[in-house]
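Numbering (my numbering), first residue to last: 64 to 355.
The beta-carbon is built from N, C-alpha and C at its ideal position, and this holds for glycine as well.
Contents: one structure, followed by commentary.
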Ligand code: AMP
Ligand code: ZN
Ligand code: FE
Ligand code: FE
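Here's what the structure looks like:
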């Protein structure tokens, strides 16, 4: 089973990279991608923890902003696989996004405190690494700890809502820039959950056609936030454009409980296309025993 989109405690998952790989192995995952938000900070630990028999794809989920195809813009996520983690443009851009994420935790914390919710953004950040890509799930955990809500999911349906009074936007990389950056660093760029409507407004199909022409490698179709009709629409777009098609759980441990690891998976032939295109870093797998 191939799961190409998961998060660890290095971003907003609840399992360390080591624990995540153990969970994946226990669930029968044979190929796992670690795709923390806006960081490659978990790559080294995941590499060290890779159990024999498991293939590890080093990746990240980039925060982007895309044209929506209606004259406006929407935030969107882009998965980058097997890019050079030392590429200067990627290093600088990920640092910029992470700093903006932390500023936003402070700003949302201030709004919540002003509104009577017991959240201290600064205190929350002090418990995370200095370069953390802190996110709304961390605020959600603070709201759970304070007894305001019972779960992070409940927090997302309430105080963390995008259209709610406490929401603050962060800096996001323009989608076309992010695609070009990943490819220039030898990586493969896949549009994450393009039709995840419950996360907010989504792009028109025309945008996916434009991005495919501009160098996008693939789209994530089988994702817990996609219903059957959206999967069909995206499948037709992939057939029309030749985009690679992926599927993945977007596992976040107990921060997001809608799908278990490998609850959605990628077809082996599609995974092979990613491997063929990648030139940044190698996929990590066991060497075949020498022929005797
Ligand atoms: P942020 O990136 O800080 O805007 O927070 C959004 C992230 O929270 C996304 O990666 C989501 O996958 C994650 N998340 C975790 N739990 C939930 C939830 N219950 N509802 C929506 N998003 C969630
Ligand atoms: Zn997340
Ligand atoms: Fe995402
Ligand atoms: Fe994700």
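| At a cut-off of 7 Å, is residue 214 close to ligand 2 when judged by its beta-carbon and the heavy atoms of the ligand? | no
| task | Using only alpha-carbon positions, find the residue among 126, 250, 297, 292 that is nearest to residue 270. | result | 297
| task | Report the residue from 264, 337, 339 whose alpha carbon sits nearest the alpha carbon of residue 131. | result | 264
| message | Just checking residue 315 against ligand 3 - is the residue's beta carbon closer than 7 Å to any of the ligand's heavy atoms? | response | no
| said: Need the endpoints of the alpha helix (DSSP H) that residue 345 sits in, please. | reply: Segment: none, residue 345 is in no alpha helix (DSSP H) and carries neither H nor E.
| query | Do the segment 139–158 and the segment 122–131 meet, that is, are 3 or more Cβ pairs less than 8 Å apart? | reply | yes
| message | Under 7 Å: does the beta carbon of residue 140 sit that close to some heavy atom of ligand 4? | response | yes
| How many angstroms separate the CA atom of residue 346 from the CA atom of residue 174? | 43 Å
| message | Considering just the uninterrupted stretch of the beta strand (DSSP E) at residue 174, what are its terminal residues? | response | Per DSSP, residue 174 belongs to no beta strand (DSSP E); it is in the alpha helix (DSSP H), 151–177.
| residue 164 versus residue 251: straight-line alpha-carbon distance, rounded | 24 Å
| field | Helix, strand or coil at residue 143 according to DSSP, with G and I counted as helix | value | strand
| said: With three or more beta-carbon pairs closer than 8 Å as the criterion, would you say the segment 196–210 touches the segment 127–142? | reply: no
| According to the neighbour-count rule (16 or more other Cβ atoms, all chains shown, within 10 Å of its Cβ), is residue 196 buried or exposed? | buried
| request: For residue 201, verify whether its CB is less than 7 Å away from any heavy atom of ligand 3. | output: no
| query | Which ranges would you report for the beta strand (DSSP E) in the segment 270–321 if only whole runs of at least 3 residues count? | reply | 281–285, 307–310
| task | Would you list the residues sitting across from residue 65 in a DSSP beta bridge? | result | 94
| said: Whole angstroms are fine: how far does the CA of residue 76 sit from the CA of residue 334? | reply: 24 Å
| task | Kindly indicate which residue of 311, 138, 191 has the alpha-carbon position closest to the one of residue 233. | result | 138
| said: Using C-beta distances below 7 Å, list every residue in its chain close to residue 324, excluding the 5 sequence neighbours before and after it, in chain order. | reply: 66, 69, 86, 87, 90, 92, 312, 314
| task | Write down the C-beta distance between residue 97 and residue 105 rounded to the nearest angstrom, noting that I regard them as a contact closer than 8 Å. | result | 6 Å
| request: My understanding is that residue 318 touches residue 215, with C-beta atoms under 8 Å, so please give their C-beta distance in whole angstroms. | output: 5 Å
| field | Boundaries of the alpha helix (DSSP H) in which residue 215 is found, first to last residue | value | 215–220
| request: Flag residue 147 as yes when its Cβ comes closer than 7 Å to any non-hydrogen atom of ligand 2, and as no otherwise. | output: no
| request: Figure out for me which residue from 114, 243, 194, 94 has the closest Cα to the Cα of residue 152. | output: 243
| query | With a cut-off of 8 Å, do at least 3 Cβ pairs link the segment 275–284 to the segment 110–121? | reply | no
| query | Roughly how many whole angstroms lie between the Cα atoms of residue 219 and residue 167? | reply | 16 Å
| field | Three-way DSSP call (helix, strand, coil) for residue 196 in this model | value | coil
| Across which residues does DSSP place residue 100 in a beta bridge pair? | 124
| task | Indicate the three-state DSSP secondary structure (helix, strand or coil) for residue 77 in the structure shown. | result | coil
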